[in-house]
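The sequence shown begins at 3 in this note's numbering and counts up by one. The beta-carbon is built from N, C-alpha and C at its ideal position, and this holds for glycine as well. In what follows, a structure is listed as structure tokens, so that the remarks can point back to it.
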Amino acid sequence: MSQQLPSELMSIPENTRVAVVTGASSGIGAATARALAAAGFHVIAGARRRDRVEELAREIGGTALPLDVTDEASVAEFTRAIPRADVLVNNAGGAKGLETVADADLDKWRWMWETNVLGTLRMTQALLPKLIDSGDGLIVTVTSIAALETYPGGAGYTSAKHAQGVLHRTLRDELLGKPVRLTEIAPGAVETEFSTVRFGGDEKQAAKVYQGFTPLTASDVAEVISFVATRPSHVNIDQVLLKPRAQAGPGKFHREPS
Ligand code: NAP
């Protein structure tokens, strides 16, 4: 169904850069929307939980639009509403389950691939013409250390994040000569709703993931994204890997006894 276009999108001052953040209803996406707004961007925040992005947009003076990155019609409608875009943050994503390959749940794998990989593909395809037209576009893709390493029980997520990372890194070559920069952000453990989603809403199991050490916060990651987005246009930060001090790799934590 066609939506009413938010009027503020038609009156963004010409010298204000526009940043699109997917998965802005919580965690890293919400913090990134706040950080980019503080850095002077007009932020267009997309996610399925419309009430959350609307509240965020009111707070930061941005625009909220409903978005399901797994749904082509939703991505088309979202993109149609956007007059121009300088920055795309492909952040929407997550994990479901921690089953071994032998016990893999195909529906959870489909969710992870649809959201992280095909979601990034859909959003990038849809906004690329506008990013190129901006004359100084930037695509930030939030992958993970799971895009670079593997761990037992993680194959559904690590395979999706590897694929998302490969898609993103391929663009670095394909867009050479075009005015678009590309940055992959690969965080380790960040305390967000990520683990609650992974464990199907089980808050207790989710809390255990972050026990005994200080994880990254969503703002820690958002500050890096804001730094990347405010570099001069000839500077391309290809990849940033950031982890808590107490994490050496996926599943490798130094935990203090509680
Ligand atoms: P989070 O708090 O669960 O946020 C995930 C966001 O993705 C939510 O805003 C959610 O919004 C959105 N999303 C999920 N499915 C979507 C869909 N189909 N369409 C649009 N939006 C969708 O988790 P987070 O930690 O901030 O995760 C953000 C990104 O960081 C993810 O790509 C994740 O894989 C990555 N990452 C997280 C960690 C970590 O430890 N937390 C580490 C490395 C990488 P709605 O549900 O409202 O749609």
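On a CA-only basis, which of Pro217, Gly202, Thr198, Thr216 is nearest Ala208? Give me that one, please. Thr198
Looking at Val199 and ligand 1, is the gap between the Cβ and the nearest heavy atom below 7 Å? yes
How would you call Met3, buried or exposed, if buried means at least 16 neighbouring beta carbons within 10 angstroms? With a pLDDT of only 46 at Met3, under 50, the local geometry of the prediction cannot be trusted, and no value is derived from it.
Going by the CB atoms, is the gap between Lys132 and Ala75 shorter than 8 Å? No, they are not a contact pair.
Alpha carbon of Gly179 to alpha carbon of Ser136, nearest angstrom: 14 Å
Buried/exposed call for Arg60, threshold 16 Cβ in 10 Å: exposed
What are the residues that DSSP puts in a beta bridge with Val22? Ile46, Leu90
Does the distance between the C-beta of Thr152 and the nearest non-hydrogen atom of ligand 1 fall short of 7 Å? no
Would you mind sorting Lys245 into buried or exposed? The rule is 16 or more other CB atoms within 10 Å of its CB. The residue in question, Lys245, is buried, as its Cβ has 16 or more Cβ neighbours within 10 Å.
N-terminal and C-terminal residue of the alpha helix (DSSP H) that Val103 is part of: Element bounds for Val103: n/a, residue is neither H nor E.
For Glu56, write down the residues that DSSP places opposite it in a beta bridge. Paired residue(s): none; Glu56 is not in a bridge.
Pro246 CB to nearest heavy atom of ligand 1 below 7 Å: no
Length of the line joining the Cα atoms of Arg52 and Ala26: 10 Å
Reference Glu10, options His44, Asn17, Ala39, Val223, closest by Cα: His44
Which term fits Arg124, buried or exposed, when burial requires 16 or more other beta carbons within 10 angstroms of its beta carbon? buried
Could you spell out where the alpha helix (DSSP H) holding Glu205 opens and where it closes? 205 to 211
Mind checking which residues open and close the alpha helix (DSSP H) that includes Val142? Counting along the chain, Val142 falls outside any alpha helix (DSSP H), though it belongs to the beta strand (DSSP E) covering 139 to 144.
Quick one: does the C-beta of Ser28 sit closer than 7 Å to a heavy atom of ligand 1? True, at least one ligand heavy atom lies under 7 Å from that Cβ.
How is Lys284 classed by DSSP in three states: helix, strand or coil? Nothing can be reported for residue 284: it is not among the residues displayed for the chain, which extend from 3 to 260.
Boundaries (first-last residue) of the alpha helix (DSSP H) holding Ala188: It is not in any alpha helix (DSSP H) - Ala188 instead sits in the beta strand (DSSP E) that spans 182 to 189.
Could you pull the start and end residues of the beta strand (DSSP E) that Ala250 belongs to? 249 to 251
For Lys163, three-class secondary structure by DSSP: helix
Per DSSP, which one or two residues make a beta bridge with Pro68? As computed with DSSP, Pro68 is found in a beta bridge with Ala49.
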